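What follows is a single structure, written as structure tokens, with notes after it.
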Amino acid sequence: MESCSLLVLSLSLLTLSYQFLAIKSDEALIQNLCHKTPEPVLCADCLHGDPSGKAADARRVALITVRCAEYDAEQVYNFTFNLWQNTPKSNAALYNILDTCSSQFLVAHDSFRGATVALEDQGWRNWRGTAIYELTTQVTPYLNRCLDLFKKQPQLPLPNTILVGTNAVNQGIAISLGILKNIPDKLTRS
Ligand SMILES: *[C@@H]1O[C@H](CO)[C@@H](O)[C@H](O)[C@H]1NC(C)=O
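Going left to right, the sequence shown walks through residues -22 to -1, 1 to 168 as mature numbering (1 follows the signal peptide of the UniProt record, and there is no 0) numbers them.
Structure representation (structure tokens):
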């Protein structure tokens, strides 16, 4: 009888410490993955924000980080579109640049789809190559077009939110590329 309850006690202790270890090593896993990207802190924030961020394969982790960047792209598009709508047409130079900026941000945002499709679809063979290609050639050039336009017209004040928002999306893409290029398919918990 006594040995039986001892067994139950040690089993439940085992379960407790196992759960503790699991949580700890998921955190260690996130830190370990994110240190392979140029923005470890932002990367960890992104993975913490996803309830299923503890998924154990590279493709899933990459998908979560791409979605974070996609969300940031939606925010900078929304902001720019609203700013354009609130700019009087009589302020032609600013009106026109914001018009182009919002359409380019929209293309950038919508072009994340090429990467997310490759990462969502279990059957996609070259998911790393496709996602890297889509992010670098189909998203980044459109994303940065607005800042380029403002650079060419220094008399127009660049709205700080556009600068900060564009930088955030670029950092998010750099994180995704870091994951896509540097981590193995199957993740092992330390
Ligand atoms: C962007 O605006 C749309 C429409 O107003 C809204 O539904 C969406 O939540 C906004 N997205 C972000 C990231 O703020």
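Just so you know, even glycine gets a beta-carbon here, dropped at the ideal spot from N, CA and C. Remember, it's a predicted structure, so these values are computed and weren't measured experimentally.
Reduced DSSP secondary structure (H/G/I, E/B, other) of residue i
| i | result |
| --- | --- |
| ASP99 | coil |
| LYS130 | helix |
| ASP35 | strand |
Cut-off 6 Å between Cβ atoms - residues of its own chain near residue i, not counting five sequence neighbours on either side
| i | result |
| --- | --- |
| LYS67 | TYR73 |
| GLY31 | Caution applies to GLY31, whose pLDDT of 48 falls short of 50 and renders its modelled position unreliable; the model cannot decide the point. |
Start and end residues, alpha helix (DSSP H) containing residue i
| i | result |
| --- | --- |
| ASP23 | 18 to 27 |
| VAL142 | 138 to 160 |
| HIS13 | First-last for HIS13: undefined, no H or E at that position. |
| residue 169 | This structure does not reach residue 169, given that the chain is present from -22 up to 168, and the question cannot be answered. |
| THR108 | 105 to 111 |
Close Cβ partners of residue i (< 7 Å) along its chain, the five nearest in sequence each way excluded
| i | result |
| --- | --- |
| residue 176 | Lying before the first or after the last residue shown, residue 176 is absent from the chain, which here runs from -22 to 168. |
| CYS21 | CYS12, THR15, THR43, ILE153 |
| THR118 | ILE151 |
| LEU158 | ALA40, ARG106, ALA109, ILE110 |
Beta-carbon contacts of residue i that lie in its chain and below 8 Å, excluding the five residues immediately before and after
| i | result |
| --- | --- |
| PRO18 | GLN9, CYS12 |
- [ ] Please list, in chain order, all residues with a C-beta atom less than 5 Å from at least one heavy atom of ligand 1.
- [x] Those residues are GLU52, GLN53, ASN56, given in chain order.
TODO: Decide if the stretch 70 to 88 is in contact with the stretch 134 to 153; the criterion is three or more beta carbon pairs, one per stretch, under 8 Å apart.
DONE: At 8 Å Cβ cutoff, the stretches touch.
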